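In our numbering, the protein residues as written are 1372 to 1459.
Each residue gets a CB set at the ideal place from its N, CA and C atoms; glycine is no exception.
These figures come from a predicted structure and were not determined experimentally.
Structure, as structure tokens:
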């Protein structure tokens, strides 16, 4: 999936703007990935942290991904997101 990044404290107006050019947003807390937002998750929440999906795994093993069946899987290199895909 094509993606961009956004902070958990950012507002949904910014999220809507960024989602015009990609399929999803990877949401960062202070320094860690904490969730994913797609356009169908946007609602009346005030921040991205309130609207995001937290059922994600970051850099899971194949076994862990198969066992936990997250909605999204994020792959990173040196802490930077490189790919995101739908899980279960």
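Taking 8 Å as the cut-off, the beta carbon of residue 1416 is found no closer than this to the beta carbon of residue 1393. Annotation: residue 1442 is outside any alpha helix (DSSP H) and is labelled neither H nor E by DSSP. Taking each of 1432, 1458, 1400, 1383 in turn and checking the Cα distance to residue 1412, the smallest one comes out for 1383. Put simply, the backbone Cα of residue 1448 is about 17 Å away from that of residue 1396. For residue 1385, the enclosing alpha helix (DSSP H) begins and ends at 1383-1390. For the options 1430, 1428, 1386, the alpha carbon positioned closest to that of residue 1409 is the one of 1386.
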